[in-house]
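Asks: Our numbering puts the sequence shown at residues 1 to 306. The beta carbon of each residue, even a glycine, is placed where N, CA and C say it ideally should be. One structure follows; several queries about it will come next.
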Amino acid sequence: MTPVLLKRRFKAMGGPCELNLWLDPGEPVANQALFSQLESELGRLEAKYSRFQSHSLLSQINRGEWNNRALDAETCGLLNYIDHCFELSCKLFDPTVGILRRVWDYSRSELPDPVALGRLMPSIGWPKLAWTGHHLRLLPGMELDFGGVVKEFAVDRLVVILKQQGVSGLVNLAGDIGTSALQPGDRPWQVAMRHPRHTQTALATLDLAIGGLAGSGDYERFITVAGRRYSHLLRPDTGFPPVDGLAAITVLADSCLMAGSVATIAMLAGPTLAEQTVQAWLDEINIPYLAVDQTLNVFGSIKVNG
Numbered sequence: 001m002t003p004v005l006l007k008r009r010f011k012a013m014g015g016p017c018e019l020n021l022w023l024d025p026g027e028p029v030a031n032q033a034l035f036s037q038l039e040s041e042l043g044r045l046e047a048k049y050s051r052f053q054s055h056s057l058l059s060q061i062n063r064g065e066w067n068n069r070a071l072d073a074e075t076c077g078l079l080n081y082i083d084h085c086f087e088l089s090c091k092l093f094d095p096t097v098g099i100l101r102r103v104w105d106y107s108r109s110e111l112p113d114p115v116a117l118g119r120l121m122p123s124i125g126w127p128k129l130a131w132t133g134h135h136l137r138l139l140p141g142m143e144l145d146f147g148g149v150v151k152e153f154a155v156d157r158l159v160v161i162l163k164q165q166g167v168s169g170l171v172n173l174a175g176d177i178g179t180s181a182l183q184p185g186d187r188p189w190q191v192a193m194r195h196p197r198h199t200q201t202a203l204a205t206l207d208l209a210i211g212g213l214a215g216s217g218d219y220e221r222f223i224t225v226a227g228r229r230y231s232h233l234l235r236p237d238t239g240f241p242p243v244d245g246l247a248a249i250t251v252l253a254d255s256c257l258m259a260g261s262v263a264t265i266a267m268l269a270g271p272t273l274a275e276q277t278v279q280a281w282l283d284e285i286n287i288p289y290l291a292v293d294q295t296l297n298v299f300g301s302i303k304v305n306g
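Pasting the structure below:
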């Protein structure tokens, strides 16, 4: 029977999720089982790595309960990837900055109290924790936040399941996207890039074949103080968002995890990274991207439809 596009929408990991799968309409039981398997895997990862769930592995790590104990292979893989991104980003991609949420209140147009911010800064810094590749030890007061990797990692995990089942599908977890195959007829998937200043409209439509897509921008969560926009992306060296950096970026890569981390690094950098412009850095690592600067100039290597 000719496959049809079936969709499932739900909420997980704090945002809207959508599964778009090309399936045989004559196999409703098998189709439901696949949707359930995907949602179950997503639920497993959320329960394991959410900082909002007190019994999650991440919460246990942050309480020091796993200090000097061997972590499982999945978690070790994530921590090793974070360590790689920390070096790639010139020490900007840092999961210890999450504690700054205690002083940055994006519901109020006020900058954090300098004294309160200063008290937290000594607890920030990936090199301050002990990570051996299998064992982790946090200093008192330190916390990890996997918000920069876990959703993208989850996208990739669901894509693996789809590939194992031989299903063409698109996974969209609050804008972090992965595809397992082209659509029937070898058609690419169509994905919109949000305009950073008119967020209900699309800046561009992109073709996505097989792989991952992720974006980041200063429009996702921000406050405006004295005419300056302060985004939710906070640097470990200052405790503040970058100054005069990109307004938005979308990245294509072999995996959603890679796309998301490159997008985050580019946003955190400000105008320069590794003694060159962010544009030069992006071109040097040779990953397709489309970026928007603060003047709304659009540049990058991704071909835009229309």
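(1) Does DSSP put Gln200 in a helix, in a strand, or in coil?
(2) Restricting to Cα atoms, I'd like to know which of Thr224, Glu152 and Trp281 is closest to Trp104.
(3) Give the DSSP-derived three-state secondary structure of Ala214 in the structure shown.
(4) Near Leu139, which residues of its chain fall below 8 Å by C-beta distance, leaving aside the five closest residues on each side in sequence?
(5) Sorted by chain position, which residues of the same chain lie with C-beta nearer than 8 Å to Ile287's C-beta, five sequence neighbours on each side aside?
(6) Quick check on DSSP: helix, strand or coil for Gln294?
(7) Can you give the Cα-Cα distance for Glu18 and Thr75, rounded to whole angstroms?
(8) How big is the Cα-Cα spacing for Met13 and Ala226?
(9) Could you check how far apart the C-beta atoms of Ala248 and Gln294 are, in whole angstroms? I think they sit under 8 Å.
(10) Could you tell me which of Gly125, Ile99, Gly133 and Ile82 sits nearest to Leu71, measuring between CA atoms?
(11) Hey, would you say Leu144 sits closer than 8 Å to Leu58, going by beta carbons?
(12) Going by CA-CA distance only, name the one from Leu170, Phe240, Ala214 and Ser216 that's closest to Arg9.
(13) Suppose only complete runs of 4+ residues qualify. What are the alpha helix (DSSP H) ranges in the stretch 25-76, listed by chain order?
(14) On the criterion of 16 or more Cβ atoms from any shown chain inside 10 Å, does Gly43 qualify as buried, or is it exposed?
(15) Do the stretch 39-56 and the stretch 149-165 meet, that is, are 3 or more Cβ pairs less than 8 Å apart?
(16) Look at the alpha carbon of Leu234 and the alpha carbon of Leu273, and state the distance between them as a whole number of angstroms.
(17) Which residues bound the alpha helix (DSSP H) around Trp281?
(18) List the endpoints of the continuous alpha helix (DSSP H) containing Gly154.
(19) Whose C-beta lies closer than 6 Å to the C-beta of Asn67 among residues of the same chain, with five residues either side of it excluded?
(20) Buried or exposed: where does His232 fall if 16 or more other Cβ atoms within 10 Å of its Cβ makes it buried?
(21) Relative to the alpha-carbon of Gly175, which residue among Ser216, Thr201, Ala204 and Asp207 has its alpha-carbon at the smallest distance?
(22) Under three-state DSSP, which class holds Val115?
(23) Taking its Cβ as the centre, do 16 or more other Cβ atoms sit within 10 Å of Val155, making it buried, or is it exposed?
(24) Excluding the 5 residues flanking Pro236 on each side, which residues of the same chain have their C-beta closer than 8 Å to its C-beta?
(25) How many whole angstroms separate the CB atoms of Leu182 and Ala209, which I take to be in contact at a CB cut-off of 8 Å?
(26) Helix, strand or coil: how does DSSP classify Ser168 here?
Replies: Per the coordinate set shown:
(1) Coil.
(2) Distances from the alpha-carbon of Trp104 to those of Thr224, Glu152 and Trp281 put Thr224 closest.
(3) Under the three-state reduction of DSSP output, Ala214 falls in the strand class.
(4) Excluding sequence neighbours, Leu139 sits near Ser123, Lys128 and Leu129.
(5) Taking C-beta separations shorter than 8 Å and ignoring five residues to either side along the sequence, the partners of Ile287 in its chain run Val251, Leu252, Ala253, Met258, Ala259 and Val262, following chain order.
(6) Coil.
(7) If you take the alpha carbons of Glu18 and Thr75, they lie about 25 Å apart.
(8) Roughly 33 Å between the two C-alpha positions.
(9) Rounded to the nearest angstrom, the Cβ distance from Ala248 to Gln294 is 10 Å, too far for a contact under 8 Å.
(10) Ranking Gly125, Ile99, Gly133 and Ile82 by CA distance to the CA of Leu71 puts Gly133 first.
(11) In contact: Leu144 and Leu58 (Cβ atoms closer than 8 Å).
(12) Of the candidates Leu170, Phe240, Ala214 and Ser216, Leu170 places its Cα closest to the Cα of Arg9.
(13) For the stretch 25-76, the continuous alpha helix (DSSP H) assignments of 4+ residues that do not extend past its boundaries occur at 28-49 and 57-62, in sequence order.
(14) Residue environment analysis places Gly43 among the exposed positions, since fewer than 16 neighbouring C-beta atoms fall within 10 angstroms of its C-beta.
(15) Segments in contact, yes.
(16) For Leu234 and Leu273, the distance between alpha carbons rounds to 15 Å.
(17) Note, Trp281: alpha helix (DSSP H), Val278 to Ile285.
(18) Note that residue 154 is Ala in the sequence shown, not Gly. Membership of Ala154 in the alpha helix (DSSP H) is indicated by the continuous run Val150 to Gln165.
(19) Arg137, listed in sequence order.
(20) Buried, since its Cβ has 16 or more Cβ neighbours within 10 Å.
(21) For Gly175, the closest of Ser216, Thr201, Ala204 and Asp207 by C-alpha to C-alpha distance is Ser216.
(22) Of the three classes helix, strand and coil, the one that applies to Val115 here is helix, per DSSP.
(23) Label assigned to Val155: buried.
(24) Cβ within range, chain order: Lys91, Leu92, Asp94, Thr96, Val97, Ile124, Gly125 and Trp126.
(25) The distance from the Cβ of Leu182 to that of Ala209 is about 6 Å, consistent with a contact at the 8 Å cut-off.
(26) Reduced to three states, the DSSP call for Ser168 is coil.
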